[in-house]
Structures are given as structure tokens and as C-alpha cells.
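K.L.:
Using the working numbering, read the sequence shown as starting at 3 and increasing by one per residue.
Here's a structure for you.
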Amino acid sequence: MSSDRLVLREQLVQGAQELAIDLPERQITNLLDYLSLLAKWNSVYNLTAVRDPAQMLTQHLLDCLTALPAFHNASRVLDVGSGGGLPGVVLAIWAQHALPQMQVNMIDTVNKKTAFLTQVKAELGLTNMVVHTGRVEQFKDEKKFDVITSRAFAELKDFVEWSGHLLSDGGKMIALKGQAQANELRGLPAGWEITKLERIHVPGLVAERHLVHIAKTTIT
3 MSSDRLVLRE
13 QLVQGAQELA
23 IDLPERQITN
33 LLDYLSLLAK
43 WNSVYNLTAV
53 RDPAQMLTQH
63 LLDCLTALPA
73 FHNASRVLDV
83 GSGGGLPGVV
93 LAIWAQHALP
103 QMQVNMIDTV
113 NKKTAFLTQV
123 KAELGLTNMV
133 VHTGRVEQFK
143 DEKKFDVITS
153 RAFAELKDFV
163 EWSGHLLSDG
173 GKMIALKGQA
183 QANELRGLPA
193 GWEITKLERI
203 HVPGLVAERH
213 LVHIAKTTIT
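Below, the structure is given as C-alpha cells:
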């Protein structure tokens, strides 16, 4: 193992310990291999503006790992506008050990991004991951999803309007956001409500991070 990878491994393990997340050795290896693939493909396909692997680990991997407790009861997840695979790939890697019954679907409109995701699936053996190419507002599936998520994808209003038709009864939408803008939080379409606004702390990152939980309005 190279000295650079050893440093990244230590950073990942320390972050996971701080978050009280159990990461077996296979998951640690897969996350580091995913990071390596992301850095390699990023030089050609511009998957992320972050170039340094150590910054990628903090701003991408640990950022997504911090959100994992929100997915503990999920079985069918859809990651909308997945791009380079965040949070979907991180979720799939974690779920292979923690929630083997979970299936993670990922959709993006850009062919080069879904080609990257397909390569990640193959190289890491992520049998719980399904990749789709297309617009989410036109996407249909045999079964609906109990959790629909996105990270740095769109405003909450658009996220709900474009993908809400895919949510199962009693399901929830989880948006990974930076700052929680009041006007955006108030701008949901009729029939939808924010059920929880959760501020999260990402190890090693000095920036605001929030999880916005959204569900269909309960009629009383």
C-alpha cells in the first residue's frame, strides 16, 4: 500500500470512528478504491471540481458518510442527479455490509457520468447498485422508492417536482444541502412538507451541512 493511500485510509478510519460508523475492512478498501477511480476519471470527465484526493475524502466521502443514519430503514433508494456517485456509491458500499437488503438506484442525464458509475459498479462488485441514464422527471420503474435522495442537485422545489412521482406511500425524500436557505425551505410545492431539518457535522470540514427530510403532507 502506498504512503498516500495509507494517509487517506487513516483519515477515513478516523472520520468513521468520529461518526460512530462501523466500516469493515472490505468497505474501507472499496471506499478508497472508489476515491481512486473518482480521481482518475475526474482528470478526463470533470466529475467534481475538487481535485485533491484528501479534499475529496473529506468533502465527498465523509460528507456522505455523515448522512448514513438517515438511511437506516431504507430498502429501495433513488439517488437523483448522481453525477460522480454521491451519495449513491458511498451508500451502496456501506449498505453491502450494514443493510444487505438495500438496493441503490442512481440516475443522471449525462452519459459519461453514468458510464463512470457503471465502471465503479463493475470494479467494486456493487451488486446492490443500479445505474440509469435519463431525466428523472421522465423516469418510471416497476416499483417506487421508499427514499429518494440528492446532493447538490437542484433547489428543493425542483427536486420534489421532478422526482416526487417516484416516491412510495409513506416514503421520504432526503436532500443533502449546505446552508439551509429560508426561502428555499418555504418554497415546496403544495402537498409537500419538511418533516425534519437536520444540521450535521462532517469531520474535518468547516462548513454548514444539512439534511432536509421531505414527505407528502399528512391530511388530518
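We put the CB at the ideal spot given by N, CA and C, even for glycine.
Using a 10 Å radius around the Cβ and a threshold of 16 neighbouring Cβ atoms, would you call residue 3 buried or exposed?
P.N.:
Counting Cβ neighbours within 10 Å, residue 3 comes out exposed, since fewer than 16 surround it.
K.L.:
My parser needs the alpha helix (DSSP H) runs of 4 or more residues fully inside the region 33-62; what are they?
P.N.:
Whole alpha helix (DSSP H) segments, 4+ residues: 55-58.
K.L.:
For residue 184 versus residue 214, is the C-beta spacing smaller than 8 Å?
P.N.:
Against a cut-off of 8 Å, the Cβ pair of residue 214 and residue 184 comes out as no contact.
K.L.:
Just the C-alpha distance for residue 187 and residue 92, rounded to the nearest angstrom, thanks.
P.N.:
If you take the alpha carbons of residue 187 and residue 92, they lie about 26 Å apart.
K.L.:
Taking the alpha-carbon positions, what's the residue 149 to residue 165 distance?
P.N.:
Rounded to the nearest angstrom, the two C-alpha atoms are 11 Å apart.
K.L.:
State the Cα-Cα distance for the pair residue 46 and residue 87, rounded to the nearest angstrom.
P.N.:
Answer to the nearest angstrom: the Cα atoms are 16 Å apart.
K.L.:
Kindly give me the distance between the Cβ atoms of residue 108 and residue 126, rounded to whole angstroms, as I take these residues to be in contact under 8 Å.
P.N.:
Their Cβ separation, rounded to whole angstroms, is 13 Å, which puts residue 108 and residue 126 out of contact at 8 Å.
K.L.:
Which residues in the same chain as residue 17 place their Cβ atom closer than 6 Å to its Cβ, once the five residues preceding and following it in sequence are excluded?
P.N.:
Only 64 and 205 meet the Cβ criterion.
K.L.:
Can you name, in chain order, every residue of its own chain whose Cβ lies under 7 Å from the Cβ of residue 30, other than the five neighbours on each side?
P.N.:
Within the same chain, residue 30 has close Cβ partners 11, 14 and 15.
K.L.:
So the alpha helix (DSSP H) residue 95 belongs to, where does it begin and stop?
P.N.:
Counting along the chain, the alpha helix (DSSP H) containing residue 95 begins and ends at 90-100.
K.L.:
Anyone know if the C-beta pair for residue 211 and residue 180 falls short of 8 Å?
P.N.:
Yes.
K.L.:
Using the C-alpha atoms, what's the distance from residue 80 back to residue 103?
P.N.:
So the alpha carbons of these two residues sit roughly 14 Å apart.
K.L.:
What are the boundary residues of the alpha helix (DSSP H) that includes residue 5?
P.N.:
Element bounds for residue 5: 5-20.
K.L.:
Quick one: what does DSSP say residue 69 is sitting in, helix, strand or coil?
P.N.:
Residue 69 falls in the coil class under three-state DSSP.
K.L.:
Between the C-alpha atoms of residue 50 and residue 110, what's the straight-line distance to the nearest angstrom?
P.N.:
Approximately 14 Å, taken between the alpha carbons.
K.L.:
Please state the DSSP three-state secondary structure of residue 143.
P.N.:
Here residue 143 sits in coil by DSSP.
K.L.:
Do residue 94 and residue 44 have their C-beta atoms within less than 8 Å of each other?
P.N.:
No, these two residues do not count as a Cβ contact at 8 Å.
K.L.:
Any chance the region 146-162 sits against the region 61-77, with 3 or more Cβ pairs inside 8 Å?
P.N.:
Yes: at least three Cβ pairs fall under 8 Å.
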